[in-house]
Each structure stands twice: as structure tokens, then as C-alpha cells.
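**Student:** Have a look at the structure that comes next, please.
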Amino acid sequence: MNAIAKVIDALNEAFGRLIAPLIAVITLIVIYDIAMRFFIGRPSDWAFDVTKMLFGVHFMLMAAYGLRHHAHVEVDVLKRLLSRRKQAALEILGYLIFFVPFIWMLLTLGWDFFERSFSRGETTYGMVAIPVYPVKAVIVIAAFLILLQAVAIVIRAIQQLREEEAA
Numbered sequence: 015m016n017a018i019a020k021v022i023d024a025l026n027e028a029f030g031r032l033i034a035p036l037i038a039v040i041t042l043i044v045i046y047d048i049a050m051r052f053f054i055g056r057p058s059d060w061a062f063d064v065t066k067m068l069f070g071v072h073f074m075l076m077a078a079y080g081l082r083h084h085a086h087v088e089v090d091v092l093k094r095l096l097s098r099r100k101q102a103a104l105e106i107l108g109y110l111i112f113f114v115p116f117i118w119m120l121l122t123l124g125w126d127f128f129e130r131s132f133s134r135g136e137t138t139y140g141m142v143a144i145p146v147y148p149v150k151a152v153i154v155i156a157a158f159l160i161l162l163q164a165v166a167i168v169i170r171a172i173q174q175l176r177e178e179e180a181a
């Protein structure tokens, strides 16, 4: 089971490192748009929509990487007072009770959201009609990556319980 957790960690680590530089691309587009405003007197027709979409993609796809590195907000004031065994049990229960329903909702509703956008050929309303469905597909991809990372966390919590029982 530890091998599965390590593969999931490696996948989300690689994916996070691949997606992280996207913020530099977003920055360059914003700088370009500012320069267009300054030198030509009008912004580009596409930069605002593209940066908004890329930022959403960046934010969503970095979520599993953030979960892997414990970068998300946790309320662990009380958790730290518990034994390691109880911490592991609490983590498993928390993921099963709160996380699984949320991810299930994100996967199913996200898929419907993407499918509806794809079937309609949805585009932005700006001067340049940019397809929206690829960005909406990212919701499903991100939910799947987050789910995988949660599986790795639960595997480690189960291992922690087993180690505490053996000791």
C-alpha cells in the first residue's frame, strides 16, 4: 500500500512542478496587456479572458500538489493534543465523512458542467471567442488528482494505525 501512496505522491509532485510555471506565463500576458494599454491606448482583445482562464487552471491543478505538501488550511489545534493513533483515526474519519462527499460532488457536477459546455461549444463573450470547455474539464481533472492525493493520505493514516497497534 505504501508503494501506491508513493506513486500518487510522485504523480502530484510532477504535475505540480509542471503546472507551477504557468503563473509566469500569466504574468507575461498581463504585462503584455498593460504595455498595449500604455503604448497603443487600448488593451488586447484576448488577454483578459486568457489570463482569467489560465489562473483558474493554475489554481485548480495546483490543489492536489498543495494537499500533498499540507499547504491547505487545517484546524489541528485539538488534533495535536491527541495521540498519533487518534490523529490517524480522526484523519481517516475526516476524509471519509467530509472529503469523499465533496470530491464526489465535484467530480459528478464538474463532469456535467464540462459536458454541457462541450456539447454547446461554449466560448467566451469577448471580441475573441475562446473555447471555455477545456477550462471546465480541468475541474474534473483537478478533482481526480485531489482524490488520488487523499487516497495517499488515508493509506498513510491506515499505516499509522497499524504501526500503533503493533507497538
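Sequential numbering from 15 applies to the sequence shown in our numbering. The beta-carbon is built from N, C-alpha and C at its ideal position, and this holds for glycine as well.
(1) Assuming Ile117 contacts Ala157 under a Cβ cut-off of 8 Å, what Cβ separation, rounded to an integer in Å, is found between them?
(2) Under 8 Å by Cβ, that's how I've got Glu105 and Ile167 pegged, so tell me the actual separation to the nearest angstrom.
(3) From the DSSP output, read off the bridge partner residues of Thr137.
(4) Can you look up Arg176 in the DSSP assignment and give me helix, strand or coil?
(5) Tell me whether Ile22 is buried or exposed, calling it buried when 16 or more other Cβ atoms sit within 10 Å of its Cβ.
(6) Where does Leu123 fall in DSSP's three states?
(7) Which residue wins for smallest C-alpha separation from Leu121, given the options Met74, Phe29 and Gly80?
(8) Is Pro115 helix, strand or coil by DSSP?
**Tutor:** Taking the structure as given:
(1) Walking along the sequence shown from the start, residue 117 turns up at place 103. Walking along the sequence shown from the start, residue 157 turns up at place 143. Their Cβ separation, rounded to whole angstroms, is 6 Å, which keeps Ile117 and Ala157 in contact under 8 Å.
(2) Locating residue 105 in the sequence shown gives position 91, counting from the first residue. Locating residue 167 in the sequence shown gives position 153, counting from the first residue. The pair is a contact, with the Cβ atoms about 7 Å apart (cut-off 8 Å).
(3) Within the sequence shown, residue 137 is the residue found at index 123, counting from 1. The partner list for Thr137 (beta bridge, DSSP) reads Pro145.
(4) In the sequence shown, residue 176 corresponds to position 162, counting from 1. Reduced to three states, the DSSP call for Arg176 is helix.
(5) By 1-based counting over the sequence shown, the position of residue 22 is 8. Classification of Ile22: buried, given that the 10 Å Cβ count is 16 or more.
(6) Taking the first residue of the sequence shown as 1, we reach residue 123 at position 109. Leu123: helix per DSSP, three-state reduction.
(7) Counting from one through the sequence shown, the residue named residue 121 turns up at place 107. The shortest Cα separation from Leu121 among Met74, Phe29 and Gly80 belongs to Met74.
(8) Walking along the sequence shown from the start, residue 115 turns up at place 101. Residue state, collapsed to three classes: helix.
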